[in-house]
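A.B. asks:
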Amino acid sequence: MEMFDLLLSHFGPQNWWPARTELEVMIGAILTQNTNWTNVEKAISNLKNKDLVSLDRLVSLSIGDLAKVIRPAGYYNIKAKRLKNLVDFIFDRYDGNLESLLQEETDLLRKGLLSVKGVGPETADSIILYAAKRPLFVVDTYTHRILSRHAMVGEDATYYDLQGLFMDHLPEDAPLFNEFHALIVLTGKNFCRKKPLCEDCPLNQWGPQDNMNDMRWVKESRS
DNA sequence: CACCAGGCAAGTA
DNA sequence: TACTTGCATGGT
Numbered sequence: 007m008e009m010f011d012l013l014l015s016h017f018g019p020q021n022w023w024p025a026r027t028e029l030e031v032m033i034g035a036i037l038t039q040n041t042n043w044t045n046v047e048k049a050i051s052n053l054k055n056k057d058l059v060s061l062d063r064l065v066s067l068s069i070g071d072l073a074k075v076i077r078p079a080g081y082y083n084i085k086a087k088r089l090k091n092l093v094d095f096i097f098d099r100y101d102g103n104l105e106s107l108l109q110e111e112t113d114l115l116r117k118g119l120l121s122v123k124g125v126g127p128e129t130a131d132s133i134i135l136y137a138a139k140r141p142l143f144v145v146d147t148y149t150h151r152i153l154s155r156h157a158m159v160g161e162d163a164t165y166y167d168l169q170g171l172f173m174d175h176l177p178e179d180a181p182l183f184n185e186f187h188a189l190i191v192l193t194g195k196n197f198c199r200k201k202p203l204c205e206d207c208p209l210n211q212w213g214p215q216d217n218m219n220d221m222r223w224v225k226e227s228r229s
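Numbering (the numbering used here), first residue to last: 7 to 229.
#1: State the Cα-Cα distance for the pair Thr27 and Lys54, rounded to the nearest angstrom.
#2: Would you say Gly34 and Ile50 are within 8 Å of each other, going by their C-beta atoms?
#3: Would you decide whether Asp131 is buried or exposed? Buried here means 16 or more other CB atoms lie within 10 Å of its CB.
#4: If contacts are defined as beta-carbon pairs under 8 Å, then Val59 and Glu30 qualify, I think. What distance do you get, rounded to the angstrom?
#5: With respect to the alpha helix (DSSP H) encompassing Lys195, which residues constitute its N-terminal and C-terminal limits?
#6: Would you mind sorting Pro208 into buried or exposed? The rule is 16 or more other CB atoms within 10 Å of its CB.
#7: Could I get the ranges of all uninterrupted alpha helix (DSSP H) runs contained in the segment 70–100, with 4 residues as the minimum, in chain order?
#8: Keeping to the same chain, check which residues put their C-beta closer than 6 Å to that of His187; ignore five residues upstream and five downstream.
#9: Just the Cα atoms here: how many angstroms apart are Lys48 and Leu37?
#10: Looking at Glu185: is its Cβ nearer than 8 Å to the Cβ of Leu72?
#11: Confirm the yes/no value for this check: CB of Ala163, any heavy atom of the ligand GDP, distance under 7 Å.
#12: With DSSP run on the structure shown, which of helix, strand or coil describes Glu128?
#13: Measuring alpha carbon to alpha carbon, tell me which of Thr41, Lys139, Tyr165 ends up nearest Glu110.
#14: Quick one: residues in its chain with C-beta nearer than 7 Å to the C-beta of Phe172, no 5 flanking neighbours on either side, listed in chain order?
#15: Jot down the residue ranges of each uninterrupted beta strand (DSSP E) in the segment 29–71, minimum 3 residues, whole runs only, in chain order.
#16: Are the CB atoms of Leu61 and Gly102 nearer to each other than 8 Å?
#17: Within 10 Å of its beta-carbon, does Tyr166 have 16 or more other beta-carbons around it, so buried, or fewer, so exposed?
#18: On the DSSP letters alone, give me the boundaries of the alpha helix (DSSP H) that Glu111 sits inside.
#19: Would you kindly check if the distance between the Cβ of Asp179 and the Cβ of Ser141 is under 8 Å?
#20: Under three-state DSSP, which class holds Leu176?
#21: Quick one: using the 10 Å Cβ neighbour count with 16 as the cut-off for buried, is Leu107 buried or exposed?
#22: Mind reading off the beta-carbon distance from Gly80 to Asn45? Whole number of angstroms is fine, and I expect it under 8 Å.
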């Protein structure tokens, strides 16, 4: 059985990213760095209450004031700087037009995002997949934990080892990457916290013996 | 009380 | 290059 189908049939479609606009995706991507999503929701709720989910409003807001608003997300001082860095980048390079940034060719988009202090591989790829809707697989700690526990990669596998593994064996399909990553995060939240295999985990029967020789992670009908 | 959460950059050697 | 550390709230 293939990993994606195991997770999809167990959890059902997740319809990520949990945000209403592209800007909200970007803000969430920064705020959720090493942070529980429920805390991020509180911070985004604060931003919405002050009508700050807006590039024009954010660019004229001080870092100190922004930090106060996003406080529940944790690391609020550094995240306020990181958000401002990203907003400033959009104004400096794209005249404050988010669409212009997101329409950039994928490689240039990624290079640009990574040039912003505070935007690393996962944050950049989350924005590219969930805001720009390009087929780039997003890797996170859950991805690493689950695949290493199931002996699909070594413990020392890098971000790009994992991203390459998925992208080498999946069709370039943004909706598939979208759903797959969301399902992996959900699996990581609910299972696989401590033990390699947990009771009732949908991946209990999934492992290298099924996948090392046959790397189809989705049903052929999808590809 | 301890531990963890949808990372990243900066410092050290 | 290869480690290590700081950043911080809120839930379990």
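Note that beta-carbon positions come from the ideal geometry of N, C-alpha and C, so glycine has one too.
C.D. replies: Answer, in terms of the structure:
#1: If you number the first sequence from 1, residue 27 lands on position 21. If you number the first sequence from 1, residue 54 lands on position 48. Spanning the two alpha carbons is a distance of roughly 12 Å.
#2: Taking the first residue of the first sequence as position 1, residue 34 is located at position 28. Taking the first residue of the first sequence as position 1, residue 50 is located at position 44. For Gly34 and Ile50, yes; Cβs fall inside 8 Å.
#3: On the first sequence, residue 131 is found 125 positions in, with the first residue counted as 1. Asp131 comes out buried.
#4: By 1-based counting over the first sequence, the position of residue 59 is 53. By 1-based counting over the first sequence, the position of residue 30 is 24. With a Cβ gap of about 6 Å, Val59 and Glu30 count as contacting.
#5: Within the first sequence, the letter at position 189 stands for residue 195. From DSSP, the alpha helix (DSSP H) with Lys195 extends over 180–196.
#6: In the first sequence, the residue the question calls residue 208 occupies position 202. Label assigned to Pro208: buried.
#7: Residue ranges of uninterrupted alpha helix (DSSP H) with 4 or more members, entirely inside the segment 70–100 and ordered along the chain, are 82–100.
#8: In the first sequence, residue 187 corresponds to position 181, counting from 1. Within the same chain, His187 has close Cβ partners Val144.
#9: Walking along the first sequence from the start, residue 48 turns up at place 42. Walking along the first sequence from the start, residue 37 turns up at place 31. Distance between the alpha carbons of Lys48 and Leu37 is about 11 Å.
#10: Here the question's residue 185 lines up with position 179 in the first sequence. Here the question's residue 72 lines up with position 66 in the first sequence. It is not a contact, given that the beta carbons lie outside the stated cut-off.
#11: With respect to the ligand GDP, the structure shown offers nothing to examine, as it has no ligands at all.
#12: As a first step, residue 128 must be located in the first sequence, where it is residue number 122. Of the three classes helix, strand and coil, the one that applies to Glu128 here is helix, per DSSP.
#13: As a working mapping, residue 110 is identified with position 104 in the first sequence. Checking every option, the nearest Cα to that of Glu110 belongs to Lys139.
#14: Working through the first sequence from its first residue, we reach residue 172 at position 166. Phe143.
#15: You should have found no qualifying run.
#16: The sequence position of residue 61 within the first sequence is 55, counting from 1. The sequence position of residue 102 within the first sequence is 96, counting from 1. Yes.
#17: Against the first sequence, residue 166 aligns to sequence position 160. So Tyr166 counts as exposed.
#18: Taking the first residue of the first sequence as position 1, residue 111 is located at position 105. Where Glu111 is concerned, there is no enclosing alpha helix (DSSP H), given that its DSSP letter is neither H nor E.
#19: Walking along the first sequence from the start, residue 141 turns up at place 135. Walking along the first sequence from the start, residue 179 turns up at place 173. Here the sequence assigns Pro to residue 141, which means Ser is not the residue at that position. Cβ atoms of Pro141 and Asp179: closer than 8 Å.
#20: As a position in the first sequence, residue 176 is number 170, starting the count at 1. Three-state result, Leu176: coil.
#21: Here residue 107 refers to the residue found at position 101 when the first sequence is read from its first residue. The residue is buried, with at least 16 neighbouring Cβ atoms inside 10 Å.
#22: Numbered from its first residue, the first sequence carries residue 80 at position 74. Numbered from its first residue, the first sequence carries residue 45 at position 39. About 6 Å; that satisfies the 8 Å criterion.
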